[in-house]
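Student: In order, the protein sequence lines correspond to chains H and A. 215 is the number that this note's numbering gives to position 215 of the first sequence; each next residue is one higher, with no gaps. 1241 is the number that this note's numbering gives to position 241 of the second sequence; each next residue is one higher, with no gaps. Don't be surprised by glycine CBs; every beta carbon is placed ideally from N, CA and C. Computed from a predicted structure; not experimentally measured. For reference, the structure I am asking about is given below.
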Amino acid sequence: MTIAGCEIELLRGGSGPALVFLHGAGGAHNWMPYMDLLAEHYSLYVPSHPGWGRSDTPDWLDGIGDLAYFYLDFLEAIGEDEVDLVGNSFGGWLALEIAVRSAARIKSLILVSAAGIHVAGVPKGDIFLWDDDERVYNTFYDPKLAEARLAKQPSEEDADIALKNHFSTAKMAWHPRFYNPELQKWLHRIAVPTFILWGDSDKIFPPAYGEAMQKLIPGSTLTILPECGHLPQQEKLDDFIAAVTAHTNNGAA
Amino acid sequence: MKFHFFHLMPYQDIDPDFLETNKSSWINLPNTYYDPKKGAKLYHRYLDELELADELGFDGVCVNEHHQTAYGMMPSPNVLAGALSRRLKKATIGVIGRALPIVENPLVIAEEFAMIDNLMEGRFIAGFVRGIGCEYHASMTNPGFSHERFREAHDLIVRAWSEPGPFEFYGKHYHFQYVNLWPRPYQSPRPPIWIPSQGSTETVEFAAHPDRKYTYIITFSPIASVKKNLKAYRDQCEVYGYECPPDQLGWAMPAYVAETDEIARKEAAPHIESLFNKFIMSPVQYKLPPGYSSLNSYKGVMAGKYKVRENYLTCDALIENGMFLCGSAATVAEKLEEYQKEMGFGNIAPMLQFGTLPADLTEKNLRIFASEVIPKVRHLGVTEETVAAQ
């Protein structure tokens, strides 16, 4: 699929109401178990952001605003009247940037360990100063999951893509670090049902970020999962699916 | 050949075991390690050493910029250039260099450099760098825009120096309705510009361009890569249709001379090893933040250079690979002569203080270098044009 001269990679699966999953800094170019489960309930779209995965890195990509406008075009281009929009981490920030611009195509919003705001006095993790191992260990609550991840030797393509993703993450989120100082002034504009999901042991954006975000978005609700790190869709897969489906009212379908 | 004593001004009084509890001497090494009483003394000692170089007949002295580190105490090299400007009788001052991309207003650099150029009545060399990766963590400047900001800040500064103001400048990163530099630089149309580099193709093409002809200085590199990079620059000049004059090439390296090769090695060893194994130390993600270099060159660097640096570098290994110029005056002069003939450089910027090298050995090094090395090799790399200019 090509938008604004940028060809992106798009993973698709399942049928039902449309759900778009916006990935985080690490990207989502490989099919994952959480996608299988989402595809049991939804017509699932997992695009790789411009600059990530096998998507192009367009010349116009200078900041999060560029991605937000790109995705407004994307939501029009996929031909769905409206979608449930899920964003994890960096993708959560992106979902917020899209929603404050226009929620015309958004039925509901689900923010999972989302970046995008700053909470005074609550230090974030620094994924750019951590080494590769620290970054993985600090992503999960359970060190065994980190060990399993580190034990896997990535393919050459996966290693290249991981580096490309890291470079694009820096370009979008280096400064201000993983947030937009203007954004929290306008989060009150988000009028679609919004659900926030967080791990209690998130070392990148501590749960205080989820609490602050919940206060900034009118009518939003927050669930904090015990013994869970930054990626609930991997570490607490069943809880993640249950929470998403409950929020979108598709749990019983 | 011209000789520029290059000082890095390390905070050498640091607890020698600091790396046992810290990963790096950069960015987040707690500043409680810095004792202002000791630091103040070091500043004055180092300035004395730079002033001594002037008295001993060095052509110039050089300072540079680094932030949040024990490696160098010069977040603002222009402050030190200002202090030196009233003391140096003959020597030039080179600030090699200021990191252009990490400031929000590059005109500040244009102004300060113009002030130093005025104070020095033209005995000033302006150095421009992108700044090493660590500076991007310290300043929070996005490394992904480093190249763009360097080029744009460079264009702005050079235009501010050489074009009548006011004029407007609207770039991608910098936007000015009125560029109108007061004071204008003393030298016309502008001070000479040096580009210290570790050898990227992009930098070579930029610096050698006939519109610029900037002096290209290779720093901190094994001799094989000094040769390779200076050759690449000379070749690029040929591609542009001119022959590279010696004064457009330079080499900056730590150097130590003593009575004999053996004494030089023995005296320098612990101090040069402290530089390469402690003061310079930082993990790769500190040095190479994402986007600072292109994806391909990042992969190249990861595969090559940093693998070498994982091992402890001994004095002998550093002398062997030519990163450290060390020996008797005869040995050092001989090497310089051999390298100059092969590489054609007309400037060297020896770092005659490094790491924990104390005041007495630094002074001895400066004196022997000035009295026994410089006279042997000064005639090299001098073109008729350079002689005429003098």
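CB-CB under 7 Å to Leu-1056 of chain A, same chain, minus the five flanking residues each way: which ones, in chain order?
Tutor: Leu-1366, Arg-1367 and Ala-1370
Student: Taking CB distances under 8 Å as the criterion, tell me whether Asp-200 of chain H reaches chain A.
Tutor: no
Student: State the start and end residues of the unbroken alpha helix (DSSP H) segment that holds Asn-1229 of chain A.
Tutor: 1223 to 1239
Student: Around the C-beta of Leu-19 of chain H, are 16 or more other C-beta atoms found within 10 angstroms, so that it is buried, or is it exposed?
Tutor: buried
Student: In the DSSP assignment, find the beta strand (DSSP E) that holds Gly-1097 of chain A and state where it starts and stops.
Tutor: 1092 to 1099
Student: Between H:Ser-201, H:Leu-94 and H:Glu-182, which lies nearest to Thr-169 of chain H when the distance is taken from Cα to Cα?
Tutor: It is H:Leu-94.
Student: Helix, strand or coil: which one does DSSP assign to Asp-1261 of chain A?
Tutor: helix
Student: When the Cβ atoms of the segment 1080 to 1094 of chain A are set against those of the segment 1139 to 1152 of chain A, are three or more pairs found closer than 8 Å?
Tutor: Between the segment 1080 to 1094 of chain A and the segment 1139 to 1152 of chain A, the count of Cβ pairs shorter than 8 Å is below three; the stretches do not touch.
Student: Check Phe-167 of chain H in the structure and name its three-state DSSP category.
Tutor: helix
Student: When the Cα of Leu-176 of chain H is compared with those of H:Gly-53, H:Phe-21 and H:Gly-116, which residue comes out closest?
Tutor: Before going on, a small fix: residue 176 of chain H reads as Pro here, not Leu. Distances from the CA of Pro-176 of chain H to each of H:Gly-53, H:Phe-21 and H:Gly-116 were compared; the closest alpha carbon is that of H:Gly-116.
Student: Quick check: the Cα distance between Asp-131 of chain H and Lys-1023 of chain A, rounded to an integer number of angstroms?
Tutor: 11 Å
Student: Taking 8 Å as the limit between beta carbons, can you name the residues of its chain near Gly-1082 of chain A, skipping five residues before and five after?
Tutor: Met-1115, Ile-1116 and Leu-1119
Student: What does Gly-131 of chain H touch in chain A if you count any residue whose Cβ is under 9 Å from its own?
Tutor: With the sequence shown as reference, residue 131 of chain H is identified as Asp, and Gly is not the correct amino acid for it. Chain A residues near Asp-131 of chain H: Lys-1023, Pro-1283, Val-1284 and Gln-1285.
Student: Could you give the distance in angstroms between the alpha-carbon of Tyr-1178 of chain A and the alpha-carbon of Leu-1107 of chain A?
Tutor: Distance between the alpha carbons of Tyr-1178 of chain A and Leu-1107 of chain A: 11 Å.
Student: Looking at the secondary structure, which residues open and close the alpha helix (DSSP H) in which Trp-47 of chain H lies?
Tutor: Per the sequence shown, the amino acid found at residue 47 of chain H is Pro instead of Trp. Note, Pro-47 of chain H: premise wrong, no alpha helix (DSSP H); beta strand (DSSP E) at 43 to 47.
Student: What are the boundary residues of the alpha helix (DSSP H) that includes Asn-1296 of chain A?
Tutor: 1295 to 1303
Student: Helix, strand or coil, according to DSSP, for Ile-1014 of chain A in the structure here?
Tutor: coil
Student: Counting pairs of beta carbons, one from the segment 212 to 222 of chain H and one from the segment 186 to 195 of chain H, are three or more of them closer than 8 Å?
Tutor: yes
Student: Taking only three categories from DSSP, how would you classify Asp-56 of chain H?
Tutor: coil
Student: Of the choices A:Gly-1199, A:Arg-1151 and A:Glu-1104, whose alpha-carbon is the least far from that of Ser-1297 of chain A?
Tutor: A:Gly-1199
Student: Taking just the CA atoms, how far does Asn-1028 of chain A sit from Leu-38 of chain H?
Tutor: Their backbone Cα atoms lie some 42 Å apart in a straight line.
Student: Mark Pro-33 of chain H as exposed unless 16 or more other C-beta atoms lie within 10 angstroms of its C-beta, in which case mark it buried.
Tutor: exposed
Student: Short check: CB of Gly-1291 of chain A to CB of Pro-1101 of chain A, under 8 Å?
Tutor: no
Student: Please report the distance separating the alpha-carbon of Phe-128 of chain H from that of Ala-146 of chain H.
Tutor: 18 Å
Student: Is the Cβ of His-230 of chain H closer than 8 Å to any Cβ of chain A?
Tutor: No, because no Cβ of chain A sits closer than 8 Å to the Cβ of His-230 of chain H.
Student: Exposed or buried, what is Lys-1172 of chain A when buried is set at 16 or more other beta-carbons lying within 10 Å of its beta-carbon?
Tutor: exposed
Student: Report the partner residues of Ala-1255 of chain A according to the DSSP bridge assignment.
Tutor: In DSSP, Ala-1255 of chain A forms a bridge with A:Leu-1325.
Student: For the segment 150 to 165 of chain H, which residues have a beta carbon sitting closer than 7 Å to at least one beta carbon of chain A?
Tutor: Leu-163 and Lys-164
Student: Please go through the segment 1065 to 1150 of chain A and give each complete alpha helix (DSSP H) segment of 4 or more residues, from N-terminal end onward.
Tutor: 1077 to 1085, 1107 to 1119 and 1133 to 1139
Student: Do you know how far the Cα of Phe-1220 of chain A is from the Cα of Met-1253 of chain A?
Tutor: 6 Å
Student: So who's on the other strand from Leu-1351 of chain A, going by DSSP bridges?
Tutor: The sequence as given places Met at residue 1351 of chain A; Leu does not occur at that position. DSSP lists A:Pro-1254 as partners of Met-1351 of chain A.
Student: With a threshold of 8 Å between beta carbons, is His-1137 of chain A in contact with chain H?
Tutor: yes
Student: Give the residues of chain A in contact with Lys-171 of chain H, contact being defined as C-beta atoms less than 9 Å apart.
Tutor: Asn-1142, Pro-1143, Gly-1144, Phe-1145, Pro-1290 and Gly-1291
Student: Distance check for Lys-1228 of chain A and Tyr-1339 of chain A, CA to CA, integer angstroms please.
Tutor: 12 Å
Student: Hey, would you say Ala-1110 of chain A sits closer than 8 Å to Leu-1181 of chain A, going by beta carbons?
Tutor: Yes.
Student: Tell me the rounded alpha-carbon separation between Ile-106 of chain H and Phe-178 of chain H.
Tutor: 23 Å
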